Amino acid sequence: MKKIALSSPHIEALEPYMSARRIGGSGEVWLNANELPFPRDPMQLDVSQYHRYPDQGPDQVEAAYAAYAGVQPEQVLALRGADEAIDLVTRAYCRAGRDKVLVSSPTYGMYQVCADIQNAAVIDVPLTDDFELDVAAICARDDVKLVFICNPNNPTGNAFRREDIISVLRHFEGKALVVIDEAYIEFCPRQSLAGELSNFDHLVVVRTMSKAFGLAGVHVGYLLANDAVMSIMRKVVPPYPLADPCAQIALLALRESGIETMRSEVDEIARIREAFCRTLSELTSVRDYLPSAVNFVLVFFDEPDNAWRALTGAGIVARRIPDPRLTEAIRFTIGAEEEMALAASVLEIPG
Ligand SMILES: Cc1ncc(COP(=O)(O)O)c(C=O)c1O
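All letters in the sequence shown, in the order written, are residues 740 to 1090 by this note's numbering.
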């Protein structure tokens, strides 16, 4: 067949995001995608209306999430995961070939991928040596449309200083949107900036049920924002953002009992994480690890290839991060107690 180049050159040149599933791996112990290790209970869904399209919103899910997040229902847009929120805000606010987004590496890779798809340039203002926001350097870039802040940050696992985020918010008022990705916020809820929506019209908060709510397979996320941003987002949102089974499952998880379950699982993950970190400090193969506020830990090794071989040999799939500062690091999702015990035991390798 004759090959005809029809796609946009910037899409031809694109590297697709390497999600944990796309990278794959073989083994029984999956510690690579920051999911919860606890299987969900079976649930019964009402399928009687599945010959119809679902509600556009759906309003009930947005209202339930608003009540949980402490914001107004009209400040919530339910979407297919946090990734769709990142994609939509990038497409709505960045003109192809003209506008720029700011990220602080090492951070979540989808900001770059969505900017690349939109043909928006990415300005990287790396985190400082202790993985904090470089506020002065960020505020020196007045030529950007979107500032992405992942808080707490993936892959470093720390939450940034609140006063740093507020300084960035104040600086970009009237200049750019500040998008705070709170995918992991349930693990440290006091760090949320959602309460600042009443103070800043250019603030966007991104949330998900894929992490602490343990619903990665359902893939429901949210964009929280005020009227001005929301009226733009409603122009670009697909007509049926949530499939009805996903909406029903999200609603069940947002009932009082669902939120209680989420909170007790978050506590359990924190307990397993602390025990894992205590063990890490005793392992000679481990050089260091970053204190974590979330359900994953970034661990540094003197011999990362040896550690990786030991893990894969034992059927443990963890994650290496393609960042020049993290070539000696491996990121471990906090799994079940026995999974973390296995990981720790195989890391006890001859140096
Ligand atoms: C920081 C961050 N934001 C967003 C996402 C994507 O979330 P979702 O599953 O809701 O698309 C992830 C997933 O790993 C993440 O780590």
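We put the beta carbon where it would ideally sit given N, CA and C, even for glycine.
Treat the numbers as computed from the prediction; the structure is a model and nothing was measured.
Between A759, D855, Y847 and A817, which has its C-alpha nearest A835's C-alpha?
The candidate whose alpha carbon is nearest that of A835 is D855.
Go ahead and pull the three-state DSSP assignment for A879.
Note: A879 maps to coil in three-state DSSP.
Going by DSSP, which residues form a beta bridge with S962?
What sits at residue 962 in the sequence shown is Leu, not Ser. DSSP output for L962 lists L816 and V945 as bridge partner(s).
Note down, in chain order, each residue of its chain lying with its Cβ closer than 6 Å to the Cβ of V852, except the 5 sequence neighbours on either side.
The answer, listed in chain order, is Y756.
From V861 to V907, what does the alpha carbon distance come to, in whole angstroms?
Whole-angstrom Cα-Cα distance: 17 Å.
Which complete alpha helix (DSSP H) runs does the region 820 to 897 hold, if anything under 4 residues is left out?
Counting only runs of 4 or more, we get 820 to 832, 849 to 857 and 874 to 878.
Enumerated in chain order, which unbroken segments of the beta strand (DSSP E) with a length of 3 residues or greater are wholly contained in the region 975 to 1062?
Fully enclosed beta strand (DSSP E) runs of 3 or longer: 1025 to 1028 and 1035 to 1040.
Should M849 be labelled buried (16 or more other beta-carbon atoms within 10 Å of its own) or exposed?
Its Cβ being crowded by 16 or more others within 10 Å, M849 is buried.
Going by the C-beta, is H910 closer than 8 Å to any heavy atom of ligand 2?
Absence of ligand 2 is noted for the structure shown, with ligand 1 being the only ligands found.
By DSSP, does D940 sit in helix, in strand, or in coil?
Residue state, collapsed to three classes: coil.
With a threshold of 8 Å, are at least 3 pairs of Cβ atoms found where one atom belongs to the region 894 to 913 and the other to the region 778 to 786?
Cβ pair count under 8 Å is below three, so no.
To the nearest angstrom, how far is it from the Cα of S1020 to the Cα of S1031?
Cα-Cα distance, rounded: 14 Å.
Short check: CB of D1006 to CB of V968, under 9 Å?
Not closer than 9 Å, so no.
Less than 7 Å between C-beta atoms, sequence neighbours within five positions excluded: which residues of the same chain meet that for V883?
For V883, where only same-chain residues beyond five positions count, the Cβ hits under 7 Å are K839, V840, L841, I862 and A915.
Under 6 Å, CB to any heavy atom of ligand 1. Which residues pass, going along the chain?
Per the Cβ criterion, the list is N773, G820, A821, D822, Y847, C889, N893, D920, A922, T947, S949, A955, H958 and G960.
Out of curiosity, what's the CA-to-CA distance linking E902 and L1086?
Rounded to the nearest angstrom, the two C-alpha atoms are 38 Å apart.
Can you tell me which residues form a DSSP beta bridge with V918?
BP columns for V918 point to F887 and V943.
With a threshold of 9 Å between beta carbons, is A1014 in contact with chain D?
The structure shown contains no chain D; it holds only a single protein chain.
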